Amino acid sequence: MAITEVTAANFASLSSETLPVLIDFWAPWCGPCRTLSPIVDELADEMADRMKVAKCNVDENQDIAMKFGVMSIPTLVILKGGQESGRLVGAMPKARLVAELEKYL
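Position 46 (the sequence shown) corresponds to 45 in numbering that gives the first Met the number 0; numbering is contiguous.
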């Protein structure tokens, strides 16, 4: 599985990725996050040639979550060229998530 755990130390390298980056902002206590997490994991494998997937635990990386203005979780932020190009909030079925992501890839 090609998932990167986002930290303050590696965040800058994610911003310089050539592929779009999907950042999953989550927390272990969040029920909808636990529902969405396996779907994001599957997409990390299935779409590895089209996007990079990263996860950011908002409890451990509050500064990064604040930088993106994450107000509720799960929040998925799509970066292209280091800039936010899209945002999805809340858990959703895999088919809907794939359809939404296609708009940004």
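Cβ atoms here follow ideal geometry from the backbone N, Cα and C, with glycine treated the same way.
These numbers were taken from a predicted model, which means no experiment stands behind them.
Classify residue i as helix, strand or coil using the three-state DSSP reduction.
i, result
"D44", "helix"
"D23", "strand"
"V97", "helix"
"F67", "coil"
"S12", "helix"
"D62", "helix"
"C32", "helix"
"P37", "helix"
Under the DSSP definition of a beta bridge, which residues are partnered with residue i?
i, result
"R86", "V76"
"A53", "T3, I22"
Suppose you measure from the CA of residue i to the CA of residue j; what does that come to, to the nearest Å?
i, j, result
"V5", "D40", "15 angstroms"
"K66", "F10", "11 angstroms"
"A53", "L42", "11 angstroms"
"S14", "W28", "27 angstroms"
"S71", "S84", "18 angstroms"
"P92", "A8", "32 angstroms"
"A47", "A1", "7 angstroms"
"V88", "L35", "11 angstroms"
"C32", "G80", "26 angstroms"
"A90", "I38", "10 angstroms"
"P19", "R49", "7 angstroms"
Is the stretch 84 to 97 close to the stretch 50 to 63, with three or more CB pairs under 8 angstroms?
The stretch 84 to 97 and the stretch 50 to 63 do not touch, with fewer than 3 CB-CB distances between them shorter than 8 angstroms.
Cβ contact (3+ pairs, closer than 8 angstroms) linking the stretch 69 to 89 and the stretch 20 to 30:
Flag = yes, the stretch 69 to 89 and the stretch 20 to 30 touch.
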